[in-house]
Structure formats: structure tokens, C-alpha cells
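Asks: Taken in order, the sequence shown gives residues 8 to 186; the numbers are from this note's numbering. In this text, a Cβ means the ideal position worked out from N, Cα and C, and glycines have one as well. Only a predicted model underlies this, so the values are computations on that prediction, with no experimental measurement involved.
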Amino acid sequence: KERNGVEWERPCEVLRRWLPGPPGRILDVGGASGRYASWLSGLGYTVQVLDPVPRHVAQARARGLEAHEGDARDLNYPDGSADAVLLLGPLYHLPEASDRARALTEAVRVCTPGGIIVAAAMSRWAKPAEYAARSTLSDPKVRQHLLRLLKEGHDAEGNAFDQSSYNHDPGQLRAEFIE
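1. Whole angstroms are fine: how far does the CA of alanine 79 sit from the CA of alanine 194?
2. Are there three or more Cβ pairs, one per stretch, closer than 8 angstroms when the stretch 67-76 is compared with the stretch 148-167?
3. Under 8 angstroms, do leucine 22 and valine 92 count as touching if we go by C-beta distance?
4. So, with DSSP's three-state summary, where would you put lysine 8?
5. Looking at C-beta atoms only, is the number of pairs between the stretch 128-138 and the stretch 173-184 that lie closer than 8 angstroms three or more?
6. Can you give me the Cβ contacts of glycine 121 inside the same chain, cut-off strictly under 8 angstroms, excluding the 5 residues immediately before and after it?
7. Could you tell me which uninterrupted alpha helix (DSSP H) segments, each at least 4 residues in length, are contained entirely in the stretch 29-57, listed from first to last along the chain?
8. What's the C-alpha gap between lysine 8 and aspartate 58?
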């Protein structure tokens with residue numbers, strides 16, 4: 008059972024709206040176990056999954072998908088080899104701006120001219136909203152964590168996820184896309 012239906016439904020809505028119609032070649036960078044890739048394959052697209060986690064690659068292959076280990080910052084695909092590139096996870100798993108820039112540059116390189124790149128980012132306000140919903144904003148440790156996150160985009164003093172994830176503010180995300 009899925010924990011967050013919005014986290015599934017909203018990207019599907021965006022993909023239906025923006026992707027060229029099937030058949031098309033889609034590269035799902037950071038595609039994990041292939042949930043979106045499997046759905047897109049069922050719609051008639053040719054989809055390849057690329058993920059840095061061997062377990063995720065094995066899970067995607069178990070779904071019958073073509074999947075390879077790889078890094079969003081160094082795509083082992085030829086220029087213009089995909090009609091669309093999905094970055095539905097890499098940008099919020101790369102805390103360094105230079106790494107996010109490399110991932111975006113690589114996506115542009117492997118996408119056909121006029122193709123579509125769909126990228127997701129995690130809002131700086133996602134975690135404050137989550138903690139507010141849990142009524143834990145009065146906890147001093149939570150407040151310190153959130154202040155670091157709001158200031159820096161990630162919490163270098165937090166848990167492993169906090170240290171290896173990044174939360175954008177909208178203006179910053181727009182600037183990274185333009186750059």
C-alpha cells in the first residue's frame with residue numbers, strides 16, 4: 008500500500024500532460040524500482056531506468072524493465088538518445104549545487120532537440136509542513152533542524168537522509184534550471 012497517493016497521482020498527471028504521445032523513448036534517471044517506468048511502458052513508451060542503487064535496478068528488472076546502474080551526473084547514453092528524460096528523484100538527492108547542475112546538463116545532452124525534461128524537486132517547506140502536521144514544531148530539536156534546512160536547503164547535522172537530500176526554494180530552483 009502506498010503511503011502518499013498525491014506523490015503518485017500528481018507526477019502521473021504532469022507526465023500525461025507534458026510527455027509526447029507514445030511511442031517515445033524515455034530515460035527515467037533515478038527511476039528506482041521502476042514504478043513510473045512500468046506505468047509508462049504500459050502506456051506504450053519505451054522506457055529505460057537508470058539508478059545508482061543495485062537493489063533498485065534489480066527491482067526494476069524484476070518488473071520486466073530495461074534497467075542499468077548509473078549516475079545522473081554522468082549519463083552513459085549518446086547525445087539526443089531520449090525523447091524525454093525524467094529526473095523525478097535526483098535533484099533532491101544531490102545536496103551540492105554543482106552536482107544538480109551536472110545532472111541537469113546531462114539530461115539536456117541526452118534529450119533530443121525539442122524533447123521534454125521533467126524534473127521534480129523537494130520544497131524547502133515540505134518538512135516544516137510535515138512537522139506542523141505532526142504537531143512537533145514546539146520541540147527545540149525539531150526547530151533547530153528546520154532552521155538549518157530552511158537556511159541551507161539541507162541539514163548537515165541531521166540524519167543520513169537530511170545530509171544527503173536537498174530542499175529547494177522556488178526561485179533557486181528556477182535559477183538552477185536557467186543556468
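Replies: By the coordinates alone:
1. Any property of residue 194 remains undetermined from this structure, which presents the chain solely from 8 to 186.
2. no
3. no
4. Residue confidence for lysine 8 is low, a pLDDT of 41 falling below 50, so the modelled location carries little weight; the figure read from the coordinates is stated next. Coil, per DSSP.
5. yes
6. none
7. 42-49
8. At lysine 8, the pLDDT of 41 sits below 50, so the modelled position is not reliable; the number obtained from the coordinates is stated separately. Their backbone Cα atoms lie some 23 angstroms apart in a straight line.
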